[in-house]
Structure formats: structure tokens, C-alpha cells
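The opening position of the sequence shown corresponds to residue 2 in our numbering, with each subsequent residue numbered one higher.
Quick reminder that beta carbons are idealized off the backbone N, C-alpha and C, glycines included.
Notes for the one structure printed next.
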Amino acid sequence: MSILARSAAPARRALLRPRQQVRFSHDHGHHEEYSPVPFDYKNKRAFGAKVAAYLITGFSIPFLAAWYQMRKSGGGGDA
């Protein structure tokens, strides 16, 4: 049996096999008001403080790492 005949056999079997019907349920069982954000921000001051802390921390990490590495190597000027 040649390579071409062997490679065509599984394709032929797939064509002859009956197709299975697959059902999808897109409902997650939520019966409450839809919110596009995964958190609650009813208290705007607390939410603002949390966002500010998160952004300041994330933005300052590279600068703190650079300062630490410069200080460790003695190239920081105020060491």
C-alpha cells in the first residue's frame, strides 16, 4: 500500500462518519445586572485610593530596581 493511499484512508473514514451535534450553553446562570468590570466601585474614594496605590506601585518598581542596582554597584552618587 502506497503512502498516498494510506494517508487518504483516514480522510475517507472521517467523511463517512456521521457528524456529532455539539451544544453550547453561553448562559452562566447570572440573574443580576450586567457589569463589564470584575469589581465593585460603589465607594469612589476607596476605589480611587486602591487604583492610585496600584498604579504608583507598578510605575515605581522599575525606578526602585534601577536605584537599588546603581547603589549596589557604587555608581549612584549618594552611596
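The alpha helix (DSSP H) that contains residue i, what's its start and end?
i: residue 19; result: Residue 19 -> no alpha helix (DSSP H), and no H or E assigned at all.
i: residue 40; result: Segment: none, residue 40 is in no alpha helix (DSSP H) and carries neither H nor E.
i: residue 74; result: 45 to 74
On a CA-only basis, which of the options is nearest residue i? Give me that one, please.
i: residue 17; options: 9, 62 and 60; result: 9
I'd like the list of long-range same chain contacts for residue i, defined as Cβ closer than 7 Å, with 5 residues on each side in sequence excluded.
i: residue 48; result: 42
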